[in-house]
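As they're listed, the protein sequences go chains Y and Z. Read in order, the letters of the first sequence correspond to residues 1 to 295 in the UniProt record's numbering. Read in order, the letters of the second sequence correspond to residues 1 to 289 in the UniProt record's numbering. Glycine is no exception: its CB is placed at the ideal position from the N, C-alpha and C atoms. Nothing here was measured: the structure is a model prediction, and the numbers come from that model. Here is the structure we will look at.
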Amino acid sequence: MAMENSSKALVYQNTKSKRSKKRRPIINKILFYLLLIGGASIMLIPFLWMVSTSLKPDGATMVLPPEFVPNEPTSQNYEKVTQQFPMMRFLWNSIVVAVLTTIGQMIFSSMAAYAFARMQFRGRDKLFLLYLATMMVPTQVTMIPQFILIKQFGWLDSYPGLIIPTMFAVFGTFLMRQAMLGIPRELEEAAFMDGANHFQVFYRVCLPLIKPMLAALGIFTFMQSWNNFLWPLIVISNQELATLPLGLSLLQGRWATDWGLMMAGVVISVLPILIVYLFAQKYFIQGMTMSGMKE
Amino acid sequence: MVGMTRKKTFFWLCIFLLPNLLGFLTFIGAPIVSSLIISFTDWDLLGEMQFTGFENYIRLAQDPDFWVSFRNTIFFILGYIPLVLIFGLACALLLNKQMKFRAFFRATFFLPVITSWVAVSLVWKWLYNPEYGLINYALSIIGIDGPQWLSDPNTAMIGIILASAWKDIGFVMVLFLGGLQNISPSFYEAASIDGAGKARKLWNITIPLLAPTTFFVTIISLINSFQVFDQVMIMTGGGPGGSTEVMVQNIYNHAFRYFEMGYASAMSWVLFLVIFLFTWIQMKVQDRR
């Protein structure tokens, strides 16, 4: 209350002293916040609408004017989508695939990055240039031979088929190498003097120093894997092995007009990544900015 | 002694590099090379692979479906890029100030970026529902009889463009915010002393100095939007009447529906060439700087 009064007094004083000049900033400020809130609403309304629809009973979705807040909220859509459809199975598949892809990507790319950034060997720079050059090639070029390869390996409709080819994205190696180049020589030299071997230097000296970058890569890879649609679409035909994006498209194929049910499915698919986002927002933004690429 | 350390280095090199190198060669290197080879053949995965020279590429040049998908992709890009650039920059300018709840607003604008295309597409499909969708309801309030959106060939691609822009504005915003942070405040101070207003500062300082970022964002968006696929697949499946069929979808159909591996590979190389052109332009411009 006291705060409010004092700020009122301040406003009053301002208006009094320089009436015409000081009124504009206030109007500007109001306009500014209106714009911001307007923008944020446009971003949020589809999400709120998704949640609201998922909580409506049968029939309440097809009503005009629409109920923004469900009159009789119910969890029946969630029950139906998890009981009559393997939604939980999709969730599990997505978790397995995203977690293993992320772990693999982090280990393999940071280890290769150590070789590229901290070790001397013949042809090193040429090999890395080759890595870099392939970054320009879009996934659409590699997906056909990758599919054939996976088929040869007998990995169609399997976790390895979903996980292993996506673990070797060059972007990870590139990012980790950049991070490792910044480590001062003296640090590892000191460790070698103490009798450490390469693995100990990698694990005890280098990794702790690039932790933030490694986290950004991990989050980025997790998100990419979680949201990937094209690769599961190609590799998986057995419904039991579908990840969430593919599962949602199957859900659409079956209950295209049951919007309450569909939105319940979408909520289930979005919620986990949203929770990760809430805790690791910084790394999401960092990872996306560095990649400059998204699918 | 020297021999020992050499052997040791080789041992460690194998441990660190080999797993990644093998994966890289198997799942990236070899596929790129074989994709190029397959593009010169006729192959349905089951029968013999037959070399046909440039036949696939010739067929491509004469294939009306390919050109339709190319035109649709260009139409998508022409709508999508200005939208994400303008609104991405606008959001970045709004959020570049010190203010209350800045972190909240930034997180909100970024929210669609972390959501999958499939989820976003389904939600927007529902929003676009001609009878009960929120968008046509909102339009009806201000007295506009909303279009059929995704089921009308004239508006389907516009619908996809709007939803895509909505999803990516936060991404572009973050890139612009990075660019804005690189502009030294001294420019603005100097301009203030010269009595420049906000609009002039924006036009004469911010926009010119942001040019490298704008260029980078444009190229990245171009490369990404040539690969547009998920949202089209979910929202329209290329319809109605092929009005939203895009390049990647064409590749997908030929490869995994009709099993024309050679033809699909040739298409993917054409897509690569187009993307490479923009990558090359970007590298040239970067070199000059």
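Taking only the alpha-carbon atoms, compute the straight-line gap between residue i and residue j and give it to the nearest angstrom.
{"i": "Z/Glu245", "j": "Z/Leu222", "result": "18 Å"}
{"i": "Z/Asn250", "j": "Z/Lys8", "result": "51 Å"}
{"i": "Y/Tyr159", "j": "Z/Pro64", "result": "38 Å"}
{"i": "Z/Ile74", "j": "Z/Phe226", "result": "8 Å"}
{"i": "Z/Ala138", "j": "Y/Gln178", "result": "49 Å"}
{"i": "Y/Leu35", "j": "Z/Met99", "result": "13 Å"}
{"i": "Z/Gly195", "j": "Z/Lys201", "result": "10 Å"}
{"i": "Z/Lys97", "j": "Z/Leu177", "result": "10 Å"}
{"i": "Z/Gly239", "j": "Z/Ser164", "result": "17 Å"}
{"i": "Y/Val137", "j": "Z/Ile219", "result": "15 Å"}
{"i": "Z/Leu111", "j": "Z/Asn224", "result": "19 Å"}
{"i": "Y/Ala280", "j": "Y/Ile219", "result": "8 Å"}
{"i": "Y/Met293", "j": "Y/Gly172", "result": "Residue placement at Y/Met293 cannot be trusted, given a pLDDT of 45 that sits under 50; what the coordinates show is reported in the next sentence. C-alpha separation (whole angstroms): 12 Å."}
{"i": "Z/Thr52", "j": "Z/Leu60", "result": "13 Å"}
{"i": "Z/Phe276", "j": "Y/Gly195", "result": "47 Å"}
{"i": "residue 298 of chain Y", "j": "Z/Tyr188", "result": "The structure shown does not extend to residue 298 of chain Y, since chain Y spans only 1 to 295, so no value can be given for it."}
{"i": "Z/Trp117", "j": "Y/Leu187", "result": "44 Å"}
{"i": "Z/Leu273", "j": "Y/Ala40", "result": "38 Å"}
{"i": "Y/Lys126", "j": "Z/Gly23", "result": "18 Å"}
{"i": "Z/Gln231", "j": "Z/Ile160", "result": "7 Å"}
{"i": "Y/Leu31", "j": "Z/Ile135", "result": "25 Å"}
Say whether chain Z places a C-beta atom closer than 7 Å to the C-beta of residue i.
{"i": "residue 312 of chain Y", "result": "Shown here, chain Y extends from 1 to 295; a query on residue 312 of chain Y therefore has no answer."}
{"i": "Y/Leu36", "result": "yes"}
{"i": "Y/Gln286", "result": "no"}
{"i": "Y/Gln146", "result": "yes"}
{"i": "Y/Trp49", "result": "yes"}
{"i": "Y/Met227", "result": "Per the sequence presented here, residue 227 of chain Y reads as Asn, with Met not at that position. By this cut-off, Y/Asn227 is an interface position."}
{"i": "Y/Ser52", "result": "no"}
{"i": "Y/Trp255", "result": "no"}
{"i": "Y/Phe108", "result": "yes"}
{"i": "Y/Tyr78", "result": "no"}
For residue i, which option in the options has the closest C-alpha, if you only look at C-alpha atoms?
{"i": "Z/Cys91", "options": "Z/Tyr80, Z/Ala103, Z/Phe109, Z/Phe75", "result": "Z/Phe109"}
{"i": "Z/Gly29", "options": "Y/Pro208, Y/Phe153, Y/Pro145, Y/Ala191", "result": "Y/Pro145"}
{"i": "Y/Pro66", "options": "Y/Ala117, Y/Ile268, Y/Gly260", "result": "Y/Gly260"}
{"i": "Z/Thr115", "options": "Y/Val201, Y/Ser237, Y/Met43", "result": "Y/Met43"}
{"i": "residue 296 of chain Y", "options": "Y/Leu35, Y/Ile234, Y/Ser75", "result": "Residue 296 of chain Y cannot be examined here, being either before or after the span of chain Y that is shown, 1 to 295."}
{"i": "Z/Leu85", "options": "Z/Ile205, Z/Asn154, Z/Trp166", "result": "Z/Trp166"}
{"i": "Z/Asn56", "options": "Z/Arg257, Z/Ser265, Z/Ile275", "result": "Z/Ser265"}
{"i": "Y/Ser54", "options": "Y/Ser41, Y/Pro70, Y/Leu64", "result": "Y/Pro70"}
{"i": "Z/Leu13", "options": "Y/Glu240, Y/Gly123, Y/Leu241", "result": "Y/Gly123"}
{"i": "Z/Phe171", "options": "Z/Thr41, Z/Leu36, Z/Ile81", "result": "Z/Ile81"}
{"i": "Z/Gly262", "options": "Z/Val285, Z/Leu45, Z/Leu18, Z/Leu17", "result": "Z/Leu45"}
{"i": "Z/Leu175", "options": "Z/Arg106, Z/Ser192, Z/Val232, Z/Gly159", "result": "Z/Arg106"}
{"i": "Z/Phe10", "options": "Y/Thr61, Y/Gln286, Y/Leu100, Y/Phe121", "result": "Y/Phe121"}
{"i": "Y/Val141", "options": "Z/Ser34, Z/Tyr128, Z/Ile205", "result": "Z/Ser34"}
{"i": "Y/Leu91", "options": "Y/Ile26, Y/Ile285, Y/Pro212, Y/Ser269", "result": "Y/Ser269"}
{"i": "Z/Pro19", "options": "Y/Leu274, Y/Pro165, Y/Leu187, Y/Lys151", "result": "Y/Pro165"}
Checking contacts by CB at 7 Å: is residue i closer than that to chain Y?
{"i": "Z/Phe176", "result": "no"}
{"i": "Z/Val285", "result": "no"}
{"i": "Z/Lys7", "result": "no"}
{"i": "Z/Gly88", "result": "no"}
{"i": "Z/Trp25", "result": "Reading off the sequence shown, one finds Leu at residue 25 of chain Z, where the question assumed Trp. False, the Cβ-Cβ gap to chain Y never drops below 7 Å."}
{"i": "Z/Pro240", "result": "no"}
{"i": "Z/Ala107", "result": "yes"}
{"i": "Z/Asn20", "result": "yes"}
{"i": "Z/Pro147", "result": "no"}
{"i": "Z/Gln227", "result": "yes"}
{"i": "Z/Leu17", "result": "yes"}
Can you list, in chain order, the residues of its chain whose CB lies under 6 Å from that of residue i, leaving out five sequence neighbours each side?
{"i": "Y/Phe128", "result": "Phe116"}
{"i": "Y/Phe222", "result": "Ala98, Thr102"}
{"i": "Z/Val248", "result": "Gln227, Phe229"}
Run the CB neighbour count on residue i, radius 10 Å, all protein chains shown included, and call it buried at 16 or more, exposed below.
{"i": "Z/Asp168", "result": "buried"}
{"i": "Y/Pro245", "result": "buried"}
{"i": "Y/Ala112", "result": "buried"}
{"i": "Z/Ala255", "result": "buried"}
{"i": "Y/Thr257", "result": "exposed"}
{"i": "Y/Glu189", "result": "exposed"}
{"i": "Z/Asp287", "result": "exposed"}
{"i": "Z/Arg257", "result": "exposed"}
{"i": "Z/Ala271", "result": "Reading off the sequence shown, one finds Leu at residue 271 of chain Z, where the question assumed Ala. By the neighbour-count rule (16 or more Cβ atoms within 10 Å), Z/Leu271 is buried."}
{"i": "Z/Ser268", "result": "buried"}
{"i": "Y/Lys282", "result": "exposed"}
What does a CB cutoff of less than 8 Å around residue i pick up in its chain, not counting 5 residues either side in sequence?
{"i": "Y/Leu251", "result": "Val81, Phe85, Met87, Leu261, Met262, Gly265"}
What does a CB cutoff of less than 7 Å around residue i pick up in its chain, not counting 5 residues either side in sequence?
{"i": "Y/Ser94", "result": "Trp226, Thr243, Leu244"}
{"i": "Y/Leu181", "result": "Ala117"}
{"i": "Z/Phe70", "result": "Met247"}
For the ligand FAD, I want to know if residue i counts as a neighbour, meaning its beta carbon is within less than 6 Å of at least one of the ligand's heavy atoms.
{"i": "Y/Gly247", "result": "Questions concerning the ligand FAD fall outside what the structure shown contains, since it holds no ligand whatsoever."}
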